[in-house]
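Mind the numbering: the sequence shown is residues 36 to 335 in the working numbering, read in order.
We treat Cβ as the ideally placed atom computed from N, Cα and C, and that holds for glycine.
Data block below; observations after.
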Amino acid sequence: MRNRKTYRKLQKKKTITISFVTLTLLIILSFIGVKTYTYISTPRVISPKVESIKTKENTVVKPNETKKNNVSLSFQDGKELESTESIRVTETGKLPERQVSKEKVAYLTFDDGPTANVTPVVLEVLKKHNVKATFFVLGKMAEKHPEILKKEFNDGHLIGNHTYSHDYKYIYSTPDNFISDIKKGEETINKILGLDGKVQIIRFPGGSFPKKLENYRQAAAKNGYYYIDWNSLNGDAEGGKKNEAQLIDRLIKTSKGKKELVILMHDAATKMATANSLGQIIEYLKSSGYRFDTLNNYYK
Numbered sequence: 036m037r038n039r040k041t042y043r044k045l046q047k048k049k050t051i052t053i054s055f056v057t058l059t060l061l062i063i064l065s066f067i068g069v070k071t072y073t074y075i076s077t078p079r080v081i082s083p084k085v086e087s088i089k090t091k092e093n094t095v096v097k098p099n100e101t102k103k104n105n106v107s108l109s110f111q112d113g114k115e116l117e118s119t120e121s122i123r124v125t126e127t128g129k130l131p132e133r134q135v136s137k138e139k140v141a142y143l144t145f146d147d148g149p150t151a152n153v154t155p156v157v158l159e160v161l162k163k164h165n166v167k168a169t170f171f172v173l174g175k176m177a178e179k180h181p182e183i184l185k186k187e188f189n190d191g192h193l194i195g196n197h198t199y200s201h202d203y204k205y206i207y208s209t210p211d212n213f214i215s216d217i218k219k220g221e222e223t224i225n226k227i228l229g230l231d232g233k234v235q236i237i238r239f240p241g242g243s244f245p246k247k248l249e250n251y252r253q254a255a256a257k258n259g260y261y262y263i264d265w266n267s268l269n270g271d272a273e274g275g276k277k278n279e280a281q282l283i284d285r286l287i288k289t290s291k292g293k294k295e296l297v298i299l300m301h302d303a304a305t306k307m308a309t310a311n312s313l314g315q316i317i318e319y320l321k322s323s324g325y326r327f328d329t330l331n332n333y334y335k
């Protein structure tokens with residue numbers, strides 16, 4: 036009899052212990068589940084707000100302005116994966132915060148030039164439609180085609196820096212090498228255009244998005260550069276040859292629902308379809324209510 040009572044007590048204690056352990060596990064699992072859901076579902080957003088950088092000069096050189104101010108330029112090879120998720124800009128220093136435009140505005144940008152065959156066609160289309168754009172120039176290409184760079188500048192377009200070499204292995208080996216290549220591109224542009232100032236607006240080859248480029252972004256900001264990516268594109272560097280219709284369709288899809296567009300395109304030698312589709316892209320954007328501007332005014 037006593038053994039039976041002892042057995043029942045042990046069974047009861049065992050049941051209580053199992054229940055307690057089960058309840059504890061359920062609470063722990065629920066907590067982990069909530070934390071996991073929160074981490075996955077929380078969006079990580081790169082703000083297009085600009086707080087910028089302290090510099091002695093904060094203007095961008097355009098034709099008929101003093102030649103001792105700041106300029107801008109760029110270039111790419113089409114191998115990079117190009118995201119359309121966000122516009123990244125520097126967020127340091129104490130310049131006035133950027134005021135977001137109340138109207139629809141499109142910033143056309145061209146990387147990897149100038150080239151002898153594509154860039155002149157792009158310039159002709161822009162002139163025909165009375166639109167100004169931003170050219171992110173490669174220093175090495177500017178050396179090959181200095182007269183085309185001069186025409187871009189004299190036509191009133193903004194010149195931005197896309198490094199000298201666009202050599203990923205070199206520029207992304209250390210932040211110092213990256214800044215060195217940026218400065219070499221800057222010196223090349225200034226020499227060709229007869230300027231003496233900072234080519235202040237730059238674009239990272241492949242974009243500044245990757246987390247591993249954090250030290251490079253900091254180095255750019257520390258050296259007084261603004262870096263701007265894109266939030267729309269025509270897909271001319273996404274891999275595979277695209278015709279004009281495909282480029283226009285990609286532009287329409289990536290610009291949908293956005294008030295401000297920083298549009299990535301390329302004027303490299305293999306991008307004639309971009310030049311040939313540009314007129315239709317401009318007409319589409321105009322009919323959609325966009326005005327056009329250059330990236331020096333992105334900060335105003």
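Quick check: the Cα distance between G314 and R252, rounded to an integer number of angstroms? 34 Å
Looking at C-beta atoms only, is the number of pairs between the segment 148–167 and the segment 211–225 that lie closer than 8 Å three or more? no
What are the boundary residues of the alpha helix (DSSP H) that includes G174? Start and end: 174–179.
From what residue to what residue does the alpha helix (DSSP H) around V157 run? 154–163
Assigned exposure category for G270 - 16 Cβ within 10 Å defines buried: buried
Mapping DSSP to helix, strand and coil, what is P78? Any answer about P78 is weak, because its pLDDT of 21 lies below 50 and its placement is not dependable; what the coordinates show is given next. Here P78 sits in coil by DSSP.
Range covered by the beta strand (DSSP E) that runs through Y334: No beta strand (DSSP E) contains Y334, which DSSP labels as neither H nor E.
Among P149, I283, A256, the one whose alpha carbon lies nearest that of L184: P149
I want to know whether the segment 291–311 touches the segment 257–273 - three or more CB-CB distances under 8 Å. yes
Cβ shell of D190 (< 7 Å), same chain only, five flanking positions each side left out: L158, K162
Out of K226, Q235, L143, which one is the CA nearest neighbour of H192? L143
With distances taken from CA atoms, which of L320, L173, G324, G174 is nearest E138? G324
Beta carbon of N196 nearer than 7 Å to that of I227: no
Who are the near neighbours of S290 in its chain, counting only those whose CB is closer than 6 Å to its CB and skipping five residues on each side? S267, L296
Closest Cα partner of Y260 within the set V153, V234, V156, E182: Among V153, V234, V156, E182, the Cα nearest to that of Y260 is on V234.
Pick from F188, K293, M307: whose alpha carbon is nearest that of A141? K293
Quick one: give me the first and last residue of the beta strand (DSSP E) that A141 is part of. 140–148
In three-state terms, what does DSSP make of L299? strand
Jot down the residue ranges of each uninterrupted alpha helix (DSSP H) in the segment 220–296, minimum 4 residues, whole runs only, in chain order. 249–257, 279–290
Please classify T329 as buried or exposed, where buried requires at least 16 neighbouring CB atoms within 10 angstroms. buried
Does D231 pass the burial test, meaning 16 or more other C-beta atoms within 10 Å, or should it be called exposed? exposed
Please state whether DSSP places G195 in a helix, a strand or coil. If DSSP states are grouped into helix, strand and coil, G195 belongs with the strands.
Identify, in the order they occur along the chain, each residue of the same chain with its Cβ nearer than 7 Å to the Cβ of T223, setting aside the five sequence neighbours on each side. G174, A177, E178, Y199, listed in sequence order.
Whole angstroms is fine: what's the gap from P211's alpha carbon to Y319's? A quick correction: the sequence has Asp, not Pro, at residue 211. A straight-line Cα-Cα distance of about 42 Å links D211 and Y319.
If you measure between the beta carbons of N311 and E279, is that distance less than 7 Å? yes
What span of residues does the alpha helix (DSSP H) with S312 cover, start to end? 307–322
Closest to A308 by C-alpha separation, out of D284, K321, R326, would be which residue? D284
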